[in-house]
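S.K.:
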Amino acid sequence: MSNNCTIGISARHVHLSKEHADILFGKDYEFTPKPGVEPKGQWAVQERVELIAPKSSFPKMGIICPTRDQTQVEISKTDAFALGLKAPIRMSGDLAGSAGDVIIRGPKGEIHLEEGVIVAKRHVHIGKKFAEAHGISQGQVVKLKVETDERSLVFDDVIARIGGDGDKALVHLDTDEGNAADLPMWSEGEIIAD
Ligand SMILES: [Zn+2]
C-alpha cells in the first residue's frame, strides 16, 4: 500500500465547552456550519469569537464544533509570541498546566480562561488498514516528507493516532509548520515509519 497521505493545515481556532458556548452565544445557541462544510465529525462554523491576551488580541478566531468537555484554544508559536503567551506544544485535550489568563469574548458575553491555550502537537490520523500495512502502532512517532518548489522538508516527531477502519492517513499541521514548507491549506505528502 502507498504511504501517501493528505495534509491539512489548521489555522488558529477555538473548541468551546457547552457551558462557555452558552455564555458567549446564549443558551443552546445553534452554530451555523461554514458554507460547504457538513456538520459531522468536527466542523468549522461561521461564528467567531475575540481572543484577548496580555500583548494583543485576535478579533476573529474561528470555532470548531461540536462542543467539548473543556474549552481549548489552538494557536501557532508565532501567534503565541504575538499574544504574549507561553503556550506549550500538546496533544489535543492535554490541557493541564497549559497557557491561559485570556479572555474569550462572544456576542452575548465573555469568559476568562485560566488554562486551555496550546500549540497543537503535529499528528497524523491513520486508518487501521493503513496502519497495519505500514506497521504503525498507536502513539508511534513517524516522519512526514513533503516536496514543494522551494521548501521541501521532512518533519520528524509526528504522532500517529489510529482510528477507523480506513486505508487513509491525514496529517494535521499548524500554520507555522505549513509555512515552513510553503504548503497550501490542503496538500499531499508521504508517511515514513521506520
Ligand atoms: Zn487532528
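Those letters in the sequence shown? Residues -1 to 192, per the working numbering, in order.
Note that the Cβ used here is the ideal one computed from N, Cα and C, for glycine as well.
Which term fits A94, buried or exposed, when burial requires 16 or more other beta carbons within 10 angstroms of its beta carbon?
M.R.: Stepping through the sequence shown from its first residue, residue 94 is reached at position 96. That one is exposed.
S.K.: Under the rule that 16 or more other beta-carbon atoms within 10 Å means buried, what is G34, buried or exposed?
M.R.: As a first step, residue 34 is located in the sequence shown; it is residue number 36 there, counting from the start. So G34 counts as exposed.
S.K.: Near ligand 1, which residues have their beta-carbon closer than 6 Å to a heavy atom?
M.R.: Going by the Cβ distance cut-off, the answer is H121, H123 and H170.
S.K.: By how many angstroms is the C-alpha of A9 removed from the C-alpha of G125?
M.R.: Your numbering for residue 125 matches position 127 in the sequence shown. Your numbering for residue 9 matches position 11 in the sequence shown. Taking the straight line joining both Cα atoms gives about 24 Å.
S.K.: Compare the Cα-Cα distances from A19 to each of N1, V140, P57 and G104 and report the closest residue.
M.R.: Here residue 19 refers to the residue found at position 21 when the sequence shown is read from its first residue. The shortest C-alpha separation from A19 is found at G104.
S.K.: Tell me whether the stretch 141 to 160 and the stretch 52 to 59 touch, counting them as touching only if at least three CB pairs, one residue from each stretch, are closer than 8 Å.
M.R.: No: the two stretches stay apart, fewer than three of their Cβ pairs being nearer than 8 Å.
S.K.: Where do the ends of the alpha helix (DSSP H) carrying E130 lie?
M.R.: Residue 130 sits at position 132 when you count from the first residue of the sequence shown. Taken as a continuous stretch (DSSP letters only), the alpha helix (DSSP H) holding E130 covers K126 to H132.
S.K.: Identify, in the order they occur along the chain, each residue of the same chain with its Cβ nearer than 6 Å to the Cβ of F29, setting aside the five sequence neighbours on each side.
M.R.: Residue mapping note: residue 29 aligns to position 31 of the sequence shown, counting from 1. Only V43, E45 and C63 meet the Cβ criterion.
S.K.: Of the choices G24, P31 and G60, whose alpha-carbon is the least far from that of H11?
M.R.: Numbered from its first residue, the sequence shown carries residue 11 at position 13. Considering only alpha carbons, the answer is G60.
S.K.: If distances are taken between C-alpha atoms only, which option among L171, L49 and P31 comes closest to K58?
M.R.: The count along the sequence shown starts at 1 and reaches residue 58 at position 60. The candidate whose alpha carbon is nearest that of K58 is L49.
S.K.: Flag this pair as yes or no: are the beta carbons of H110 and A167 separated by less than 9 Å?
M.R.: Taking the sequence shown and counting its residues from 1, the one referred to as residue 110 is at position 112. Taking the sequence shown and counting its residues from 1, the one referred to as residue 167 is at position 169. Against a cut-off of 9 Å, the Cβ pair of A167 and H110 comes out as no contact.
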